[in-house]
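**Student:**
2 protein chains.
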Amino acid sequence: MYRNRNGLLLVVSGPSGVGKGTVCKALLERLETMRISISATTRPRRVNEIDGVNYFFKTQEEFEAMIEHGEFLEYMQVFGLNYYGTPKAYVEEERRNGHDILLEIDVKGAMKVKEVCPDAVTVFIAPPTMSDLKTRLYGRGTENEAAIERRYKEAFAEIQYLPKYDYVVVNDIVDRAAKNICDIIEAEKSSIKRNSELIAKYSEEMNEQ
Amino acid sequence: MYRNRNGLLLVVSGPSGVGKGTVCKALLERLETMRISISATTRPRRVNEIDGVNYFFKTQEEFEAMIEHGEFLEYMQVFGLNYYGTPKAYVEEERRNGHDILLEIDVKGAMKVKEVCPDAVTVFIAPPTMSDLKTRLYGRGTENEAAIERRYKEAFAEIQYLPKYDYVVVNDIVDRAAKNICDIIEAEKSSIKRNSELIAKYSEEMNEQ
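Quick mapping for you: the protein sequence lines, in order, are chains A and B.
If you read the first sequence in numbering that gives the first Met the number 0, its first letter stands for residue 0, the second for the next number, and so on.
If you read the second sequence in numbering that gives the first Met the number 0, its first letter stands for residue 0, the second for the next number, and so on.
1) What is the DSSP secondary structure of serine 189/B, reduced to helix, strand or coil?
2) First and last residue of the beta strand (DSSP E) that includes threonine 40/B?
3) Using the Cα positions of isoleucine 37/B and proline 86/B, report the straight-line distance between them to the nearest angstrom.
4) Is the distance from the Cβ of leucine 101/B to the Cβ of arginine 34/B below 8 Å?
5) Does any CB atom of chain B fall closer than 8 Å to the CB of arginine 71/A?
6) Residues of chain A with CB under 8 Å from asparagine 194/B, in chain order?
7) Per DSSP, alanine 125/A forms a beta bridge with which residues?
8) Just list the residues that DSSP pairs arginine 34/A with in beta bridges.
9) In the DSSP assignment, what residue or residues form a beta bridge with leucine 8/B?
10) On a CA-only basis, which of Arg135/A, Lys107/A and Gln208/A is nearest glutamine 76/A? Give me that one, please.
11) DSSP state of threonine 134/B, grouped into three classes?
12) Along chain A, in chain order, which residues have C-beta atoms closer than 7 Å to that of leucine 197/B?
13) For the stretch 55 to 102 of chain A, list the alpha helix (DSSP H) runs that are entirely contained and at least 4 residues long, ordered along the chain.
14) Around the C-beta of arginine 45/A, are 16 or more other C-beta atoms found within 10 angstroms, so that it is buried, or is it exposed?
15) Using a C-beta cutoff of 8 Å, does alanine 186/A count as contacting chain B?
16) Below 7 Å, is the gap between the Cβ of proline 127/A and the nearest heavy atom of the ligand SAH?
17) Have a look at alanine 39/B and histidine 68/B and give me their C-alpha separation to the nearest angstrom.
18) Less than 7 Å between C-beta atoms, sequence neighbours within five positions excluded: which residues of the same chain meet that for valine 90/A?
19) Given this structure, state the Cα-to-Cα distance separating asparagine 47/B from tyrosine 137/B, to the nearest angstrom.
20) According to DSSP, aspartate 105/B sits in a beta bridge with which residue or residues?
21) Identify, in the order they occur along the chain, each residue of the same chain with its Cβ nearer than 6 Å to the Cβ of lysine 111/A, setting aside the five sequence neighbours on each side.
22) Since valine 122/B and aspartate 165/B should fall inside the 8 Å C-beta cutoff, what is the C-beta to C-beta distance between them, to a whole number of angstroms?
23) Considering only residues of the same chain and omitting the five flanking positions on each side of tyrosine 1/B, which have a CB-CB separation below 6 Å?
24) Determine the direct distance from the alpha carbon of cysteine 23/A to that of proline 43/A, and round the result to whole angstroms.
25) Please classify lysine 152/A as buried or exposed, where buried requires at least 16 other C-beta atoms within 10 Å of its C-beta.
26) Do methionine 205/B and glutamate 204/A count as a contact pair if the criterion is CB distance below 8 Å?
27) Quick check: the Cα distance between tyrosine 201/A and isoleucine 191/A, rounded to an integer number of angstroms?
28) With distances taken between CB atoms, is the gap from leucine 132/B to glycine 51/B smaller than 8 Å?
29) Put valine 52/B into one of helix, strand or coil per three-state DSSP.
30) Mind listing the chain B neighbours of glutamate 204/A? Cutoff is C-beta to C-beta under 8 Å, in chain order.
31) Have a look at phenylalanine 155/B and proline 14/B and give me their C-alpha separation to the nearest angstrom.
32) Is there a Cβ from chain A that is less than 8 Å from the Cβ of isoleucine 104/B?
33) Using three-state DSSP, classify valine 22/A as helix, strand or coil.
34) Using a Cβ-Cβ distance under 8 Å, would tyrosine 137/B count as near chain A?
35) For valine 46/A, which residues does DSSP report across the bridge?
36) Alpha carbon to alpha carbon, how far is arginine 193/B from glutamate 187/B?
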């Protein structure tokens, strides 16, 4: 009631293998008011996908017009082929409706979002140890050793971005990590910078008396 | 395990009548690792009080020597008579032992503590509305109307310090306010500034491989 009604924009990153998908899933289960951000993309729709649910499907011309008009919080082109991006209007509307928005995104995308939207809360999900991360990458059993070692090096490179995030959550136990992110959201909603209207509210009341 | 082991210094303020004593009590019940700060004072020990438990009892000469040596996070002299102060050494030792320390203190004391100890987390407990605060002040039934009106004006003056705090917790329901402070503590422990050693830890591990 006393709180700023706008939802938070929560940006979550972490190296592959750290289990951020699982943590985000647990987080969405805990927080009813949280919505996952829907990306726009130019890649073809698959048969089981619904426009506006899984993605906003766009033609290349549409997507490039949106870039032109500054309609993305961030976007990227994968292998010079398909575009993926986070539409600003969608995120802003959800937030105005009081929904917290979860954006799971790589380190470079996260940095862009923080630049465009400084009130975004950025969380880096980190492994308990590097060797734990390596074990998890091998454990997935879907890639050969060279590919895994490459991912491992990439993971370490991503971890260098850690100091640029607001928070770090170590994923030792999924439920604990998810609860930790919930705590961060609650704390952020009590931060002074998100409650600047309070003083004015008390003053108004004093003047009316 | 991965976290900085040092405890937090949590500074809580709020106007009289807001119920901060009740919130702090509920907080201490929730958090086993939290200790309440013990003040030093020159006022005489009462029969049921224990030195080092209720207060550190000091003579005026001892207290003034401690001021001289900069041994207080903050101190004050009430009506030019008795001194009260927060001993730096006690707080630091508890924190080194991993205990979070709760310091319930007025706005001016809180500002001094934040200055000396910038990593302190400051929380302002605020009333849902000013009229709610007035109702609570009258509800205590221990003072006459003039005294209550004076307290009410003082409360409004204290509320002007709100923007200087890190967080604001509105005490509408005591348990919710206490939980909210717990969330703040958990979030702060995950903040990047309190986990700067993590990167070094991962790098060390990579170098050893």
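Beta carbons: idealized from backbone N, C-alpha and C, even for Gly.
**Tutor:** If we stick to the structure as given:
1) Here residue 189/B refers to the residue found at position 190 when the second sequence is read from its first residue. Coil, per DSSP.
2) Against the second sequence, residue 40/B aligns to sequence position 41. Residues 38 to 40.
3) Along the second sequence, read from residue 1 onward, the residue named residue 37/B stands at position 38. Along the second sequence, read from residue 1 onward, the residue named residue 86/B stands at position 87. Taking the straight line from one Cα to the other gives about 8 Å.
4) The residue given as residue 101/B occupies position 102 in the second sequence. The residue given as residue 34/B occupies position 35 in the second sequence. Going by C-beta atoms, leucine 101/B is nearer than 8 Å to arginine 34/B.
5) As a first step, residue 71/A is located in the first sequence; it is residue number 72 there, counting from the start. Correcting the residue type first, residue 71/A is phenylalanine in the shown sequence and not arginine. Judged by the 8 Å Cβ criterion, phenylalanine 71/A is not in contact with chain B.
6) Residue 194/B sits at position 195 when you count from the first residue of the second sequence. Here the neighbours are Val167.
7) Translated into positions along the first sequence, residue 125/A becomes position 126. DSSP, once it has assigned bridges, lists Val169/A as partnering alanine 125/A.
8) As a position in the first sequence, residue 34/A is number 35, starting the count at 1. Paired residue(s): Ile100/A.
9) Working through the second sequence from its first residue, we reach residue 8/B at position 9. In the DSSP secondary-structure assignment, leucine 8/B is bridged to Ile100/B.
10) Looking up residue 76/A in the first sequence gives position 77. Nearest neighbour of glutamine 76/A by Cα position, chosen from Arg135/A, Lys107/A and Gln208/A, turns out to be Lys107/A.
11) By 1-based counting over the second sequence, the position of residue 134/B is 135. Looking at threonine 134/B - three-state DSSP - the assignment turns out to be helix.
12) Working through the second sequence from its first residue, we reach residue 197/B at position 198. Here the neighbours are Ala125, Leu161 and Val167.
13) 59 to 67 and 87 to 95
14) Within the first sequence, residue 45/A is the residue found at index 46, counting from 1. That one is exposed.
15) For this step, residue 186/A is matched to residue 187 along the first sequence. Answer yes: the Cβ-Cβ gap between alanine 186/A and chain B drops below 8 Å somewhere.
16) Ligands displayed in this structure: none; no statement on the ligand SAH is therefore possible.
17) Position 40 of the second sequence holds residue 39/B. Position 69 of the second sequence holds residue 68/B. Answer to the nearest angstrom: the Cα atoms are 15 Å apart.
18) Here residue 90/A is taken as the residue at index 91 of the first sequence, counted from 1. Answer for valine 90/A: Leu8, Ser36, Leu72 and Ile100, listed in chain order.
19) Within the second sequence, the letter at position 48 stands for residue 47/B. Within the second sequence, the letter at position 138 stands for residue 137/B. The straight-line gap from Cα to Cα measures roughly 30 Å.
20) For this step, residue 105/B is matched to residue 106 along the second sequence. According to DSSP, aspartate 105/B bridges with nothing at all.
21) Counting from 1 along the first sequence, the entry for residue 111/A is found at position 112. Only Glu73 meet the Cβ criterion.
22) Taking the second sequence and counting its residues from 1, one reaches residue 122/B at position 123. Taking the second sequence and counting its residues from 1, one reaches residue 165/B at position 166. Between aspartate 165/B and valine 122/B the Cβ distance is about 7 Å, and since that is below 8 Å, they are a contact.
23) In the second sequence, residue 1/B corresponds to position 2, counting from 1. For tyrosine 1/B, the pLDDT reaches just 47, beneath the cut-off of 50, and the residue's location in the model is therefore unreliable, although a value from the coordinates is still provided. So the list is empty, once near-sequence residues are dropped.
24) Here residue 43/A is taken as the residue at index 44 of the first sequence, counted from 1. Here residue 23/A is taken as the residue at index 24 of the first sequence, counted from 1. Rounded to whole angstroms, proline 43/A to cysteine 23/A spans 26 Å at the Cα level.
25) Taking the first sequence and counting its residues from 1, the one referred to as residue 152/A is at position 153. Exposed, since its Cβ has fewer than 16 Cβ neighbours within 10 Å.
26) For this step, residue 204/A is matched to residue 205 along the first sequence. For this step, residue 205/B is matched to residue 206 along the second sequence. Against a cut-off of 8 Å, the Cβ pair of methionine 205/B and glutamate 204/A comes out as no contact.
27) Here residue 201/A corresponds to residue number 202 of the first sequence, with the count starting at 1. Here residue 191/A corresponds to residue number 192 of the first sequence, with the count starting at 1. Rounded to whole angstroms, tyrosine 201/A to isoleucine 191/A spans 15 Å at the Cα level.
28) Position 133 of the second sequence, counting from 1, holds the residue named residue 132/B. Position 52 of the second sequence, counting from 1, holds the residue named residue 51/B. In this structure, leucine 132/B sits away from glycine 51/B, with a CB-CB distance that is not shorter than 8 Å.
29) As a position in the second sequence, residue 52/B is number 53, starting the count at 1. Three-state result, valine 52/B: coil.
30) Walking along the first sequence from the start, residue 204/A turns up at place 205. Those within 8 Å of glutamate 204/A in chain B are Thr128, Met129 and Ser130.
31) Here residue 155/B refers to the residue found at position 156 of the second sequence. Here residue 14/B refers to the residue found at position 15 of the second sequence. Near 8 Å, if we compare the C-alpha coordinates of proline 14/B and phenylalanine 155/B.
32) Stepping through the second sequence from its first residue, residue 104/B is reached at position 105. No, isoleucine 104/B does not count as interfacial toward chain A.
33) Position 23 of the first sequence, counting from 1, holds the residue named residue 22/A. Valine 22/A falls in the helix class under three-state DSSP.
34) The sequence position of residue 137/B within the second sequence is 138, counting from 1. Judged by the 8 Å Cβ criterion, tyrosine 137/B is not in contact with chain A.
35) Numbered from 1 along the first sequence, position 47 holds the residue referred to as residue 46/A. Per DSSP, none; premise fails for valine 46/A.
36) Taking the first residue of the second sequence as 1, we reach residue 193/B at position 194. Taking the first residue of the second sequence as 1, we reach residue 187/B at position 188. Roughly 8 Å separates the two Cα atoms.
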